[in-house]
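Only one structure is covered here, and it is reproduced in the block below.
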Amino acid sequence: MKIRLVPALLILVVMAVTIRLGFWQRERAHQKEALQAQIERFESAPPQVVGAVPLPLKDIEFHRVRATGTFMPDLVVYLDNRPYNDQPGFYVVMPLRLEGGGYVLVNRGWIPRNFAERTEIAPYNTPDGIVTVEGIARADATRVLELGAGGSAPREKIRQNVAVASYAAETGLPLQPFVIQQTGLAPASKDGLVRDWPQPITDVDRNYGYMFQWWGMAAAALGFGLYAARQAATKKRGPDHSPKDA
1 MKIRLVPALL ILVVMAVTIR LGFWQRERAH QKEALQAQIE RFESAPPQVV GAVPLPLKDI
61 EFHRVRATGT FMPDLVVYLD NRPYNDQPGF YVVMPLRLEG GGYVLVNRGW IPRNFAERTE
121 IAPYNTPDGI VTVEGIARAD ATRVLELGAG GSAPREKIRQ NVAVASYAAE TGLPLQPFVI
181 QQTGLAPASK DGLVRDWPQP ITDVDRNYGY MFQWWGMAAA ALGFGLYAAR QAATKKRGPD
241 HSPKDA
């Protein structure tokens with residue numbers, strides 16, 4: 001009996017784990033669907049004004065926003081490894097000194113990278129004076145995988161990533177806890193930057209696919225257990241029903 005109990009318990013454990021993982025993937029899919037619906041609602045909502053008062057990230061992320069102030073080109077950061085149409089390039093991230101006080105980081109757009117000399121930045125224009133930036137509030141200016149923090153060292157113009165909190169500590173600027181992904185500028189100017197932003201990736205179909213995979217594994221474990229139990233029962237009955245020797 002002990003020999004049968006162990007495999008039965010193992011099968012039950014496998015089923016419990018895989019069923020739970022399937023439900024977890026379903027929950028993730030529902031969360032992403034809710035986020036996508038929220039983003040679509042925000043697209044048609046009027047922009048929120050960004051001022052000196054900090055706006056919590058959880059309340060402002062993915063909202064349309066508008067900020068008026070002056071760009072600070074001396075504190076620009078170029079985020080490397082941001083391809084566009086399979087061409088390597090940088091995102092140009094620059095603080096904006098808000099007209100009513102405070103600061104906010106702006107992801108102004110994309111520029112191509114020089115193939116021969118990585119540190120040679122392609123020309124682009126930064127308007128002087130007061131401008132009004134419109135865009136989408138994002139938690140960061142997108143992130144790429146990096147090993148360690150060497151690729152995002154403070155004071156470096158070219159980096160892999162920039163975190164708002166770290167940049168605020170580095171510069172001493174009281175930044176809003178988000179980055180504006182710029183979509184418009186007033187007065188309009190030709191700055192040479194590309195702002196064909198990728199849409200937020202939700203990958204809902206992938207989560208549903210994983211859900212069915214986990215539940216399929218649970219069904220397979222159950223089927224294997226029933227098959228093994230039937231085989232064991234048949235084997236046990238075999239000698240009792242075999243014909244006796246004459």
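So in UniProt numbering, spot 121 of the sequence shown is number 121, and the numbers just go up one at a time.
Ideal placement from N, C-alpha and C gives every residue a C-beta, glycine not left out.
Computed from a predicted structure; not experimentally measured.
| Asked | Found |
| --- | --- |
| Grab the span of the alpha helix (DSSP H) containing isoleucine 130 for me, first residue to last. | Looking at the DSSP string, isoleucine 130 is not in any alpha helix (DSSP H), and its letter there is neither H nor E. |
| Curious, which full-length alpha helix (DSSP H) runs of at least 4 residues does the segment 150-214 contain? | 164-171 |
| Report all residues from its chain with a CB closer than 6 Å to the CB of proline 198; omit the five preceding and five following residues, and keep chain order. | none |
| In the DSSP assignment, the alpha helix (DSSP H) including isoleucine 60 goes from what residue to what residue? | 57-60 |
| Based on the DSSP secondary-structure assignment, which residues constitute the bridge partners of leucine 105? | Pro95, Val179 |
| Would you list the residues sitting across from alanine 228 in a DSSP beta bridge? | Beta-bridge pairing links alanine 228 to no other residue. |
| Measure from the alpha carbon of proline 200 to the alpha carbon of each residue in Leu98, Gln160, Arg138, then state which is nearest. | Arg138 |
| In the DSSP assignment, find the unbroken beta strand (DSSP E) run with leucine 79 in it and report its ends. | 77-79 |
| Does the distance from the CB of glycine 89 to the CB of isoleucine 111 come in under 8 Å? | yes |
| So the candidates are Ala37, Phe224, Phe212; which of them puts its Cα closest to the Cα of arginine 20? | Phe212 |
| Are there 16 or more other CB atoms within 10 angstroms of the CB of glycine 184, so buried, or fewer, so exposed? | exposed |
| Tell me the DSSP secondary structure of valine 53 in three-state form. | coil |
| From which residue to which residue does the beta strand (DSSP E) around glycine 69 run? | 64-71 |
| Taking just the CA atoms, how far does tyrosine 167 sit from arginine 97? | 15 Å |
| Quick check on threonine 18: buried or exposed, where buried means 16 or more other Cβ atoms within 10 Å of its Cβ? | buried |
| When the Cβ atoms of the segment 219-232 are set against those of the segment 30-46, are three or more pairs found closer than 8 Å? | no |
| In or out: histidine 107 buried (at least 16 other Cβ within 10 Å) or exposed? | Residue identity differs from the one stated: residue 107 is asparagine in this sequence, not histidine. Answer is buried; the Cβ neighbour count reaches 16. |
| Are the CB atoms of glycine 22 and tryptophan 215 nearer to each other than 8 Å? | yes |
| Relative to the C-alpha of aspartate 128, which candidate in Lys190, Val6, His63 has its C-alpha closest? | Lys190 |
| Restricting to Cα atoms, I'd like to know which of Val6, Pro46, Gln181, Gly51 is closest to aspartate 196. | Gln181 |
| Given a threshold of 16 other Cβ atoms within 10 Å of its Cβ, counted over all protein chains shown, does arginine 155 qualify as buried or as exposed? | exposed |
| Just verifying my parser: in three-state terms, what is the DSSP assignment at valine 17? | helix |
| Tell me whether phenylalanine 115 is buried or exposed, calling it buried when 16 or more other Cβ atoms sit within 10 Å of its Cβ. | exposed |
| Find out if the Cβ-Cβ distance for the pair valine 194, valine 179 is shorter than 8 Å. | no |
| Just to confirm, is the Cβ distance from alanine 67 to valine 162 under 8 Å? | no |
| Is the beta carbon of glutamate 33 sitting closer than 8 Å to the one on valine 204? | yes |
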